[in-house]
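Right, one structure below, let's go through it.
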Amino acid sequence: MSHVAIPGNGSAGVVGARCAHPLAESVAAVDRAVTLLSFRMMDTSHSQRCGAPWIRCDHALSDPDFFARWRARVAQRLAEQHCPPAQTTAVPEKTTAGYVLQWYLVIPSYLGGLLFHSARRVPSLSPRQLGFRLDSAALREVALRPGRFWCLPGDRDAGHPDAVPVLDEVALGAVLRRQVIAHATRFLAVYSPQVRFGRRTQWAAVTDALDRGLLLAGRSFGSPRAGAADARLVLADGEKPLTSPSTICQVTDEHGRLHWTRRRGSCCFLYALPGVEHPCGSCPRVGDAERARIFGTINPV
């Protein structure tokens, strides 16, 4: 899936009044750097009073019909984008299931990866701490409630009541990895019975989201190579139930240009739509030679 979100407008704000938390500045820096989607600090009591359409992750996971409704919106969106207007084409169930699987996992994985890379901080990524907003069917904004965060001993806010200093970057990377695994475990317990994906496919999607989020972090802050190094640190040896270490790599296209990408273990199944002719550059169904050819078509020289 080449795009996983619709860009939000404006710089990061704080939804509510609790703007003095140490994570507020870190989240604002992430929002300024990333164009793919927006990030906010959230005071949920204020957002509920104002009627803002934030969806708290714990509420979504408690609603047995939420993901079915989201998939229906994805089906409508994909049909409008890819199917001829004169035709009524059913979007395959595996495609809507793959999109929602990947979009939801962006929430903890991207936020955690971006804050780890840019600030060497990892917030609590439990479902009650996170919220999100959709634009049509796609993920648009991610919000974090103020609360506990892990950091390095030299962090200027290491003495804050919510701060939990850890020994070093390896330990901090392990915190991120396990926070994402814990949130994904909650999500998959709800989502897995609704889809026809095996356990390995589901956890490959978790692995992909965390790896991809760290590559996005590197790109957004000016160094894909640094993002790749962080991904190797965080994914380490592919701690179970993750399915692999980082697969971030470089490919050289026919024009001699280098591209940062990764070899995905999961699929969005966009190729199953009628009329979709080309796979994504990171699709698990293509080999390295085809991957390089696909990247060669991007901004051809």
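Just so you know, we're using numbering that gives the first Met the number 0 here: the sequence shown kicks off at 0 and counts up by one. In this text, a Cβ means the ideal position worked out from N, Cα and C, and glycines have one as well.
- By alpha-carbon distance to V105, the top candidate from A162, A208, K93 is A208.
- Boundaries of the alpha helix (DSSP H) harbouring S61: 56-61, taken from the DSSP string.
- Bounds of any alpha helix (DSSP H) do not take in F131; it lies within the beta strand (DSSP E) bounded by 129-134.
- For Q101, there is no enclosing beta strand (DSSP E); the enclosing alpha helix (DSSP H) covers residues 92-118.
- Under the DSSP assignment, T251 falls in the beta strand (DSSP E) whose first and last residues are 247-251.
- Rounded to whole angstroms, the separation of the alpha carbons of R127 and H58 is 8 Å.
- Our two residues, A188 and T206, have alpha carbons roughly 17 Å apart in a direct line.
- Residues of the same chain with a CB within less than 8 Å of the CB of L129, apart from the 5 flanking positions on each side, are R55, C56, I106, P107, L110, V141, A142, L143, R144, H182 in chain order.
- Collapsing the DSSP output to three states places F38 in a strand.
- Taking C-beta atoms as the reference points, R263 and P283 count as a pair closer than 8 Å.
- Excluding five sequence positions before and after G212, the CB atoms of its chain that fall closer than 6 Å to its own CB belong to S108, Y109, G112, given in chain order.
- The C-alpha of R256 is placed about 41 Å away from the C-alpha of R185.
- Leaving aside the five residues that flank P152 on each side, the residues in its chain whose CB is nearer than 6 Å to its CB run, in chain order, P164.
- Between W69 and A137, the C-beta gap is not smaller than 8 Å, which leaves the two residues out of contact.
- Judged by beta-carbon spacing, P244 lies beyond the 8 Å limit of H159, meaning their Cβ atoms are not closer than that value.
- When the alpha-carbon of W259 is set against those of V285, R120, R290, the nearest one is in R290.
- By the beta-carbon neighbour count (other beta carbons within 10 angstroms, threshold 16), A288 is exposed.
- Judged by their CB atoms, W53 and R177 are not nearer to each other than the 8 Å cut-off.
- Taking the Cα positions, A71 is about 21 Å away from S265.
- At a Cβ-Cβ threshold of 8 Å, D167 and R147 do not count as neighbours.
- When the Cα atoms are used, A27 and Y103 turn out to be separated by approximately 21 Å.
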